[in-house]
Amino acid sequence: MRSTCKKIFSFALAAVMALSLAACGSDSSSADNQTTPQPQEETTPPTETGAAAPESSEEGSAEDAGKVLVVYYSASGHTEAVANYIAQATGGDLFEITPAEPYTDDDLNWTDENSRVTLEHEDESLRDVELTTTQVENWDSYDTVFLGYPIWWGIAAWPVDGFVEANDFTGKTVIPFCTSSSSGLGQSGELLSELAGTGDWQEGQRFRSSASQEDVSEWVDSLGLSAS
């Protein structure tokens, strides 16, 4: 009987020790889970509040086009109309070349051998036309210059010459345009380019005296310029 009791006591003691060891193992595992760092998934840092948004490519293209200036001399209003259409299409500024002594209708009567314009045509020394001003405010800020004029005897109306000679076109793209009832642009742009001596002069365009805004806008669009 005594031997049986000892065996029962031994089994009970062994069971208690086993339970104690299991509890310790469980506590140790829990502690490890609490203290061992877990791998974190990489994430993209959030955008800071108030951070500037990147500039769009469209805004960059508009800036690359630079400022546009439309310079013109108009004897009868036809070149002025085209110049205004170009300014509207490009968002450019306007500058009118104005003779100190304006040409009257009689002065422009090329069929009269004694008219001012006829005498100037016959005698080149008379073509040095004084202008009210040749200075354009903020001239250096313009990258593209449209230069307009009527055609007189196959060349640019000579009041334009004084403006071209007085200004430095270095670094500027120059696009001539003219108005005439029949004559083409001819060598007028090339002659003005030679007179200027600076600038990147383009081929240019001739418009009929009654050119429409649609005609002018289509031409401007074909040049690939953006409004500034």
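What the sequence shown shows, in mature numbering (1 follows the signal peptide of the UniProt record, and there is no 0), is residues -22 to -1, 1 to 206, in sequence order. Note that beta-carbon positions come from the ideal geometry of N, C-alpha and C, so glycine has one too. Small disclaimer: the values here were computed from a predicted structure and weren't measured.
- Message: On a Cα-Cα basis, can you pick out the residue from K45, G44, V49 that is closest to P137?
- Response: As a first step, residue 137 must be located in the sequence shown, where it is residue number 159. Minimum Cα distance to P137 is reached at V49.
- Decide if A61 is buried, meaning its Cβ has at least 16 other Cβ atoms within 10 Å, or exposed. In the sequence shown, residue 61 corresponds to position 83, counting from 1. Answer is buried; the Cβ neighbour count reaches 16.
- From the DSSP output, in three-state form, read off F141 for me. Counting from 1 along the sequence shown, the entry for residue 141 is found at position 163. In this structure, F141 counts as helix in the three-state DSSP scheme.
- Item | Backbone CA spacing between residue 269 and R105 [nearest angstrom] | The structure shown does not extend to residue 269, since the chain is modelled only from -22 through 206, so no value can be given for it.
- Item | Three-state class that DSSP yields for E19 in the structure shown | As a working note, residue 19 is residue 41 in the sequence shown. The predicted model places E19 with a pLDDT of 28, which falls under 50 and marks its position as unreliable, so this point remains unresolved.
- Task: Assuming S171 contacts W179 (C-beta within less than 8 Å), just tell me the rounded distance between them.
- Result: For the purposes of this step, residue 171 is taken as residue 193 along the sequence shown, with counting starting at 1. For the purposes of this step, residue 179 is taken as residue 201 along the sequence shown, with counting starting at 1. Contact flag correct, Cβ pair sits at about 4 Å.
- Out of S158, T151, S54, state which residue places its alpha-carbon closest to the alpha-carbon of L201. The residue given as residue 201 occupies position 223 in the sequence shown. Of the listed residues, the one whose Cα sits closest to L201 is T151.
- Message: Is it buried or exposed, Q183, if we count other Cβ atoms within 10 angstroms and call 16 or more buried?
- Response: Here residue 183 refers to the residue found at position 205 of the sequence shown. With 16 or more Cβ atoms within 10 Å of its Cβ, Q183 is classed as buried.
- Query: Going by Cα to Cα distance, which pick from S159, L109, G132, S119 is closest to E143?
  - Reply: Working through the sequence shown from its first residue, we reach residue 143 at position 165. The candidate whose alpha carbon is nearest that of E143 is L109.
- Pick out whichever of W197, W130, G44, S119 has its Cα sitting closest to the Cα of T89. Looking up residue 89 in the sequence shown gives position 111. The residue with the shortest Cα to Cα distance from T89 is W130.
- Query: In three-state DSSP terms, what is A59?
  - Reply: For the purposes of this step, residue 59 is taken as the residue at position 81 of the sequence shown. Reduced to three states, the DSSP call for A59 is helix.
- In angstroms, rounded to a whole number, what distance separates the CA positions of G149 and A59? In the sequence shown, the residue the question calls residue 149 occupies position 171. In the sequence shown, the residue the question calls residue 59 occupies position 81. Going by the C-alpha atoms only, they are around 27 Å apart.
- Item | Residue range of the unbroken beta strand (DSSP E) whose run includes L97 | Reading the sequence shown from its first residue, position 119 is the one you call residue 97. Unbroken run through L97 is the alpha helix (DSSP H), 94 to 100; no beta strand (DSSP E).
- Task: Determine the closest residue to D118 out of D146, N87, E79, T176, with distance taken between C-alpha atoms.
- Result: Looking up residue 118 in the sequence shown gives position 140. Here the closest residue by C-alpha is D146.
- Task: Taking only the alpha-carbon atoms, compute the straight-line gap between T111 and Y120 and give it to the nearest angstrom.
- Result: Numbered from 1 along the sequence shown, position 133 holds the residue referred to as residue 111. Numbered from 1 along the sequence shown, position 142 holds the residue referred to as residue 120. The alpha-carbon atoms of T111 and Y120 are separated by roughly 18 Å.
- Message: Between which residues of its own chain and G162 is the CB-CB distance below 6 Å, once the five residues before and five after are set aside?
- Response: Taking the first residue of the sequence shown as 1, we reach residue 162 at position 184. For G162, where only same-chain residues beyond five positions count, the Cβ hits under 6 Å are R184.
- Contact set for residue 292: own chain, Cβ-Cβ below 8 Å, skip 5 residues either direction: Nothing can be reported for residue 292, as the shown portion of the chain is limited to -22 through 206.
- Message: Checking 8 Å against the spacing of the C-beta atoms, do T76 and P128 come in under that value?
- Response: On the sequence shown, residue 76 is found 98 positions in, with the first residue counted as 1. On the sequence shown, residue 128 is found 150 positions in, with the first residue counted as 1. No, Cβ-Cβ distance for T76 and P128 is not below 8 Å.
- Item | Of the listed residues E115, V95, Q113, nearest to V107 (C-alpha basis) | Translated into positions along the sequence shown, residue 107 becomes position 129. Comparing Cα-Cα distances from V107 to each of E115, V95, Q113, the minimum goes to V95.
- Message: Quick check on G126: does DSSP put it in helix, strand or coil?
- Response: The sequence position of residue 126 within the sequence shown is 148, counting from 1. Strand at G126.
- Query: Is the distance from the Cβ of A53 to the Cβ of L86 below 8 Å?
  - Reply: Here residue 53 refers to the residue found at position 75 when the sequence shown is read from its first residue. Here residue 86 refers to the residue found at position 108 when the sequence shown is read from its first residue. Yes.
- Could you pull the start and end residues of the beta strand (DSSP E) that E108 belongs to? Numbered from 1 along the sequence shown, position 130 holds the residue referred to as residue 108. E108 -> no beta strand (DSSP E), and no H or E assigned at all.
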